[in-house]
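A short worksheet on the structure shown next.
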Amino acid sequence: MSDPWKFTLSEPDLIQSDSDAVEACIRSQWLSMGPKTQEFEAQFAEMTGAKHAIAVSNGTAALHLALAAVGVGQSSDDEVIQPTINFVAAANMTCALGADPVFADCLSLVDPTINPQEIRTKITKNTKAVVVMHFGGYACRMDEIRAICDEHNLPLIEDACHAPCQTYSGKLDGYLGTIGEIGCFSFFSNKNMTTAEGGMVTTDDDEHAEKIRKMRSHGMTTLSWDRHFGRPSTYDVIMHGFNYRIDDLRSSLGLSQLSRLLENNEKRRMRAEDYADAVSDLATNEIQFIFGDRPKDGTGHVAGVIVPTAKRDIARLKLAELRIQTSLHYPPIHLFSAFSEFSSVELPIAEEFSKSMITLPMHANLPAGAPAEIVQSLQSVLKAA
Ligand SMILES: Cc1ncc(COP(=O)(O)O)c(C=O)c1O
Numbered sequence: 008m009s010d011p012w013k014f015t016l017s018e019p020d021l022i023q024s025d026s027d028a029v030e031a032c033i034r035s036q037w038l039s040m041g042p043k044t045q046e047f048e049a050q051f052a053e054m055t056g057a058k059h060a061i062a063v064s065n066g067t068a069a070l071h072l073a074l075a076a077v078g079v080g081q082s083s084d085d086e087v088i089q090p091t092i093n094f095v096a097a098a099n100m101t102c103a104l105g106a107d108p109v110f111a112d113c114l115s116l117v118d119p120t121i122n123p124q125e126i127r128t129k130i131t132k133n134t135k136a137v138v139v140m141h142f143g144g145y146a147c148r149m150d151e152i153r154a155i156c157d158e159h160n161l162p163l164i165e166d167a168c169h170a171p172c173q174t175y176s177g178k179l180d181g182y183l184g185t186i187g188e189i190g191c192f193s194f195f196s197n198k199n200m201t202t203a204e205g206g207m208v209t210t211d212d213d214e215h216a217e218k219i220r221k222m223r224s225h226g227m228t229t230l231s232w233d234r235h236f237g238r239p240s241t242y243d244v245i246m247h248g249f250n251y252r253i254d255d256l257r258s259s260l261g262l263s264q265l266s267r268l269l270e271n272n273e274k275r276r277m278r279a280e281d282y283a284d285a286v287s288d289l290a291t292n293e294i295q296f297i298f299g300d301r302p303k304d305g306t307g308h309v310a311g312v313i314v315p316t317a318k319r320d321i322a323r324l325k326l327a328e329l330r331i332q333t334s335l336h337y338p339p340i341h342l343f344s345a346f347s348e349f350s351s352v353e354l355p356i357a358e359e360f361s362k363s364m365i366t367l368p369m370h371a372n373l374p375a376g377a378p379a380e381i382v383q384s385l386q387s388v389l390k391a392a
């Protein structure tokens with residue numbers, strides 16, 4: 008398969024040791040959730056400082072379990088405040104539980120994380136939880152958000168899918184995904200570490216952890232692994248649940264990927280800094296790099312720029328002609344057809360953001376000179392537009 012792109016948007020970092028890890032799992036003859044998953048969870052918990060880490064089949068499942076664990080959907084008027092600039096997973100899982108998403112605006116075009124004041128003004132007697140998303144692996148304003156949630160006794164769920172092993176240093180500190188009651192991670196193939204499909208839930212709360220572990224596997228009291236190794240030979244079903252288990256093949260890959268995560272996050276941070284420098288060196292102010300004032304403070308998961316709205320789509324087409332792949336993170340969720348009942352809400356910054364942002368190539372193996380070349384190409388196509 009020949010690659011149509013000179014610079015692809017995203018590439019997994021897959022090396023021989025990843026294949027070896029998966030092959031060793033195949034040779035072990037144990038493929039479904041078992042010892043490798045336990046090891047993966049223990050490592051992830053240690054690296055993020057979480058008391059519990061529970062591996063699941065994907066990031067959406069992690070969000071579903073997190074929302075269910077804090078009781079979203081127990082009452083028919085439940086609401087979950089969350090960003091409209093996000094991947095649709097949290098909003099879809101809110102609706103799947105029978106609750107309503109209440110969409111909030113972002114802080115600014117160059118900081119598209121949720122505005123804490125929007126959370127405060129949208130809290131009602133029906134609010135059941137707050138979801139935040141660390142866009143590109145750059146932290147939301149967690150000190151303010153944690154304080155608002157504490158004031159109103161609301162559980163805080165972090166969609167940390169872009170932010171594995173990213174520290175937060177505000178008044179609070181720790182790793183993203185461990186500041187809220189529950190953190191959710193995705194290991195989809197475009198993420199900073201991958202298991203192809205996969206995810207993780209983190210929490211310090213023993214009750215949430217127990218419930219999530221049970222709901223991950225049909226609410227059953229034992230797993231095939233327990234039964235195979237002669238512990239209880241039968242089981243009870245003590246709550247309704249799902250099959251959101253990961254498997255040991257993926258956990259083996261996850262362990263191998265986790266061993267390079269810190270290094271790969273750092274490589275992405277360096278490329279984010281290269282993008283920020285390339286943009287600030289330009290004579291024009293037509294381009295702004297998202298989080299350009301703090302490129303090294305996140306995981307560099309997404310390299311986004313803001314350009315004049317009228318030129319955005321043509322610029323993307325011209326970049327594609329130059330074999331530079333781009334994307335959009337994200338169309339606002341409240342404007343999707345399936346969410347039309349929420350479309351009347353006014354979220355002006357998010358709407359402007361989605362009309363003027365372009366996601367540029369970013370991955371751990373992006374060559375050091377690439378950001379400057381890509382930014383130069385973007386500048387030229389904007390000039391010609
Ligand atoms: C911010 C965000 N939330 C949730 C998800 C859902 O994760 P998954 O694709 O593993 O279900 C993703 C991944 O695509 C994501 O980027």
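Take 8 as the starting number for the sequence shown in our numbering and just add one per residue.
All C-beta atoms, glycine included, are put in the ideal place defined by N, C-alpha and C.
Check: Return yes when the C-beta of N99 is under 7 Å from any heavy atom of ligand 1, and no when it is not.; Outcome: no
Check: In three-state DSSP terms, what is T228?; Outcome: coil
Check: Report the residue ranges of all beta strand (DSSP E) runs contained in full by the stretch 298-370; include only those spanning at least 3 residues, in chain order.; Outcome: 310-313 and 364-367
Check: How is the alpha helix (DSSP H) around E71 delimited, first residue to last?; Outcome: It should be noted that the sequence gives His, not Glu, for residue 71. Run containing H71: G66 to A76, per the alpha helix (DSSP H) assignment.
Check: Could you tell me the boundaries of the beta strand (DSSP E) in which A111 lies?; Outcome: D107 to A111
Check: In chain order, what residues of the same chain lie with their CB nearer than 6 Å to the CB of H370, ignoring the 5 residues before and after it?; Outcome: S17 and E18
Check: To the nearest angstrom, how far is it from the Cα of I121 to the Cα of A69?; Outcome: 20 Å
Check: Are there any heavy atoms of ligand 1 lying less than 7 Å away from the beta-carbon of A290, as far as the coordinates show?; Outcome: no
Check: Consider the C-beta atom of A96 and the heavy atoms of ligand 1; say whether any pair is separated by less than 7 Å.; Outcome: yes
Check: Regarding G305 and ligand 1, is the C-beta to nearest heavy atom distance less than 7 Å?; Outcome: no
Check: From P339 to E359, what does the alpha carbon distance come to, in whole angstroms?; Outcome: 10 Å
Check: Pull the bridge partners of V138 from the DSSP assignment, please.; Outcome: I164
Check: Beta carbon of A106, beta carbon of G80: below 8 Å?; Outcome: yes
Check: Can you check DSSP and say which residues form a bridge with T210?; Outcome: H59 and I189
Check: Applying the 10 Å Cβ sphere with the 16-neighbour rule, what's the burial state of S259?; Outcome: buried
Check: DSSP on Y282, reduced to helix/strand/coil?; Outcome: helix
Check: Return the residue from the list I186, P108 and K318 that minimises the CA-CA distance to T174.; Outcome: I186
Check: How do the stretch 249-259 and the stretch 199-219 stand: do at least 3 beta-carbon pairs fall below 8 Å, yes or no?; Outcome: yes
Check: Suppose the cutoff is 7 Å on Cβ atoms and the five residues either side in sequence are ignored; what does the same chain contact list for T44 look like?; Outcome: A62, I253, D255 and S258
Check: If we count Cβ pairs, one from each stretch, closer than 8 Å, do we get three or more for the stretch 339-356 versus the stretch 309-325?; Outcome: no
Check: Are R127 and I155 closer than 8 Å when you measure CB to CB?; Outcome: yes
Check: Within 10 angstroms of the Cβ of A96, are there 16 or more other Cβ atoms? Answer buried if so, exposed if not.; Outcome: buried
Check: Just to confirm the assignment, what range does the alpha helix (DSSP H) spanning P19 have?; Outcome: Per DSSP, P19 belongs to no alpha helix (DSSP H) and is neither H nor E.
Check: Quick check on DSSP: helix, strand or coil for F47?; Outcome: helix
Check: Classify D10 as helix, strand or coil using the three-state DSSP reduction.; Outcome: coil
Check: Over the uninterrupted alpha helix (DSSP H) stretch that includes E261, give me the two end residues.; Outcome: As written in the sequence, residue 261 is Gly, which differs from the Glu given in the question. Note, G261: alpha helix (DSSP H), D255 to L265.
Check: How is the beta strand (DSSP E) around D180 delimited, first residue to last?; Outcome: D180 to Y182
Check: At a cut-off of 7 Å, is L70 close to ligand 1 when judged by its beta-carbon and the heavy atoms of the ligand?; Outcome: yes
Check: Tell me whether the beta-carbon of L116 lies closer than 8 Å to the beta-carbon of S363.; Outcome: yes
Check: The alpha helix (DSSP H) that contains D150, what's its start and end?; Outcome: M149 to E158
Check: Could you check which residue in G66, M100, N99 and M200 has the C-alpha nearest to that of L21?; Outcome: M200
Check: Can you determine whether any heavy atom of ligand 1 sits closer than 7 Å to the C-beta of H370, and answer yes or no?; Outcome: no
Check: Quick check: what's the CA-CA separation for A146 versus L161?; Outcome: 19 Å
Check: Flag this pair as yes or no: are the beta carbons of V87 and T101 separated by less than 8 Å?; Outcome: yes
Check: Which residues bound the alpha helix (DSSP H) around S35?; Outcome: Q23 to S35
Check: What's the C-alpha gap between R275 and H308?; Outcome: 7 Å
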